[in-house]
Each structure stands twice: as structure tokens, then as C-alpha cells.
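Undergrad: Below you'll find the structure I mean.
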Amino acid sequence: MPVESFDDLLKRDEQREKDGFPKKIKIRRILIGPKKVISVPYVEEEKLIHGDFEPMGEHGEDLAGHGQGEVGEVVAEIPLSEGEGEGDSEDESNQAGEGEGEHGSESEVYQLGKELSEKFQLPNLKDKSKKVPTNEYIYDLTDRHRGSGQFLDKKATLKRIVKSNIALGRFDLKCIDTSKLIVGPQDKIYRILAMEKVWKSPAVIFFVRDYSGSMSGDPTEAILSQHLMLYATILFQHEKLVIPRFIIQDTEAKEVAARVYFSARSGGGTFIPSAYKKINEIIESEGLAKNFNIYVFQGTDGDDADDGRQAIPEIEKILNCANRMGVTVFKSGDRETAFERYIEKGGFPERKYIFRMHIMPNRDVTDEQNEEAIKYLLVQD
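Per the numbering used here, numbering through the sequence shown is continuous, rising by one, with the last residue being 404.
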């Protein structure tokens, strides 16, 4: 029986769902080192239980670890800091982060990333000091073989002929007569086509999300959709090449896990420079500029307590080491936001090769508009 590819298995799993059966293929991410994760697909089989009972403990309670929940499934959430989430009410259940489940299983994220990777690429990838192997291969005339091959290496062959004739005593340095040199089959050195693994400089991508009170509702849903699409593209196309970092910001900035990034809510104010300071702290403390390509993608409504005096210097630091910084600003009407004012003051829109700002409405954002935003933030002119 031929071995099926992962894509074929995913298609079969989609057909199962269409036929009314639950999907079986899932993807589990396993930590194999500091910030190193591998994705392992696995199949979940149905549990067969005879009779009308469930496995129970000695005193009637469920046995721990024997439920049907997924590994890593969230059963309760702890606020990021004291007092966070205050003021949340039941009618807020459809706000930021609550719709995460609608994107489906991780196999669907994989499929989404596969589709988007055909449209979007990371811009300005550069060679850095650190390089990592990828799953890409090229074919080149790099290997050498004596006696036969595809391309005669004249320089290496000449060296070999001279060496052989010196050993045979037929090479006189005072009077070189090439017509008397013996050329054996093994003296001919050929280059042969070989498959070589591609090594590339890795990248770090900072996803920055304004989760202040003014970003609740449609803007949050839109930026999460955009960053989810970017994240899916990265997982599929650059899984071994890119490290995603997630930062949320209201009046303060925090680096968080991906799960928290896509679900956290806040009712606080806004101080955008705190996110830039956090990014610069991470870059400097971990020495990322030397070894990594750096990208920053941010979503905000542009409201800010800063007038640019703190933000502009921090953005300059980021642009000095980043390959691309892309910001989506959600706004209503034509009112210029504080963020737009100091971005113009800093002259950043003129540096389109490295800085991109995309303005979007803060209501009823469509998937097509989100894709257009990603295209503008990523694609080179």
C-alpha cells in the first residue's frame, strides 16, 4: 500500500467531516528545547465503552486524566495581572479572543498557512551570522569524483596529474614536457551533481497587539484575524526558520504565549511606546540583531497617551535592526490619530522599504480587507 502524504490525509479527514464523522487528525506541538517546538500529527481514535457507565474513581468522582479533553486544553484562565478583566460582563462574551475556536483545529491552521504562503513572503531576508538548516534542497556540482562524472574539474585534474607523474619520476621541474606526462583514468577529477541542504538565516517576528479598552470589538477581531493569517503562513512556510514572539500592550507591555495573545482582554488605557521599549529590550538582551532577521507586525487604533517624544526614538531603534515593521491602524472617520501624527513627524512613511502603515475601518472588516492589509505590509514594491 503506498504511503500517503500529510496533505492526502488532511483531505481524507475533511471528507470524514463532510460525511458526518468527527475529524481524527490533530497536531500536537512538543517542546524539544528552549523555544524549540516540533509539530507532530497524530490520530485520535474513538473510545469504545460497553454499557451505560463512565469510568469512575473509588468514591464516584471522575478519575483525573481520564476525561476526553485535549492535552493543553484550557479549563480555566488566570488573569495576566491583578485586577485584569474587571468590568467584563456577560454581554462581552463575543469580544476579543472569544472567537478563537471558530478557526478550527490546528490542521485547518496548517491548511490556511499553506494557501496564504502562495501569496505572501517575508520581505528583505538577509544573511546573518547564525544560519539554520531548512527542509529545502538545491542541486549543485559540489561533490568531486575520480575517474567519471558530469563536469571535468580542470584545475583539480591538473594537480592530480602532476602529483601522479612526480610519484612515477616522470616530472622534471627543470624541463617540463607535457607530452611525456601519463594521464590515468583516476587522475581525472569530475564534479558531480549533488543534493545540498539549504541553510538560511533565521527570523524573529514580533506580533504586537494593542488590547486596551478602546480596541474592543471589531478592531480586535480584525487584528487577531490578520495576525492569525500571518502566524499560519509562518507555521507552514517558515516553521524551522522563524520564531514568533507575542506582545500585548495597554499602558504596559507584556510578552505572552500565543494562547494568551489570542484571548487576552483589557479595559485599560493606551501607551504604545511601552510595546516598542519591550521589543528593544528583548532584541538587546538576547543579541537578536546579529543573528536574526527581525520583523514587527502591530495592530492598534492609534489612540496614545504619548505625543511621539517617547515613541519616535524607540521606533528608530527598531528600524535600525529590523527588516520590516508593519502597522495596521483601525480608525473611524477622517480624524488623525495621535499615532499617525507622530509617525508623520518622524518621517517613517517615507521609508516604505522598511516601514509600512495601513489604515483600515474599525467596523465590519472583511476577510478580503484583511488579506489586502497583509499584502501591503509584506509585499515588496
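Yeah, the Cβ is synthetic: ideal placement off N, Cα and C, and Gly gets one too.
Note that the structure is predicted; figures quoted are calculated from it, not measured.
Over the uninterrupted beta strand (DSSP E) stretch that includes T323, give me the two end residues.
TA: N316 to T323
Undergrad: Considering only the alpha carbon of each residue, which of D273, L191 and F285 lies closest to E244?
TA: F285
Undergrad: If we count the other Cβ atoms within 10 Å of its Cβ and call it buried at 16 or more, is D390 buried or exposed?
TA: exposed
Undergrad: Can you tell me which of the three DSSP states K398 falls into?
TA: Three-state result, K398: helix.
Undergrad: Buried or exposed: where does Q412 fall if 16 or more other Cβ atoms within 10 Å of its Cβ makes it buried?
TA: One cannot answer for residue 412 here, as it falls past the ends of the chain, which runs 24 to 404.
Undergrad: Pairing CB atoms from the region 349-357 with CB atoms from the region 366-383, are three or more of them under 8 Å?
TA: With the cut-off at 8 Å, the region 349-357 and the region 366-383 touch.
Undergrad: Return the chain-ordered list of same chain residues with a C-beta closer than 8 Å to the C-beta of D36, the five sequence neighbours on each side being excluded.
TA: K46, K47, I48 and S130
Undergrad: Classify E37 as helix, strand or coil using the three-state DSSP reduction.
TA: helix
Undergrad: With distance defined between alpha-carbon atoms, name the residue in M238, E359 and K301 nearest to R386.
TA: M238
Undergrad: Enumerated in chain order, which unbroken segments of the beta strand (DSSP E) with a length of 3 residues or greater are wholly contained in the region 361-395?
TA: Counting only runs of 3 or more, we get 378-384.
Undergrad: Which whole runs of the alpha helix (DSSP H) in the region 165-214 are 4 residues long or more, in chain order?
TA: 177-191
Undergrad: Whole alpha helix (DSSP H) runs in the region 248-296 with 4 or more residues, listed along the chain?
TA: 281-284
Undergrad: Taking the straight line between their C-alpha atoms, what separation do you get for D75 and D42?
TA: Note that D75 scores a pLDDT of 44, beneath 50, so its modelled location is shaky; the value from the coordinates is reported in the next line. Going from the Cα of D75 to the Cα of D42 covers about 27 Å.
Undergrad: Can at least three beta-carbon pairs, one atom from the region 270-281 and one from the region 223-238, be found at a separation below 8 Å?
TA: yes
Undergrad: Determine the extent of the beta strand (DSSP E) in which K354 is found, giving its start and end residues.
TA: R347 to K354
Undergrad: Assuming A334 is part of the alpha helix (DSSP H), what are its boundary residues?
TA: A334 to C344
Undergrad: Distance, Cα to Cα, Q249 vs I338?
TA: 22 Å
Undergrad: Cβ atoms of A361 and G325: under 8 Å apart, would you say?
TA: yes
Undergrad: Just tell me which of A226, D327 and E40 has its CA closest to the CA of A345.
TA: A226
Undergrad: Sort G291, I317 and G290 by Cα distance to I302 and report the nearest one.
TA: I317
Undergrad: Just the Cα atoms here: how many angstroms apart are I306 and I266?
TA: Whole-angstrom Cα-Cα distance: 13 Å.
Undergrad: Would you check if the distance between the CB atom of N393 and the CB atom of M252 is smaller than 8 Å?
TA: yes
Undergrad: Report all residues from its chain with a CB closer than 7 Å to the CB of Y365; omit the five preceding and five following residues, and keep chain order.
TA: D330, G331, A334 and I335
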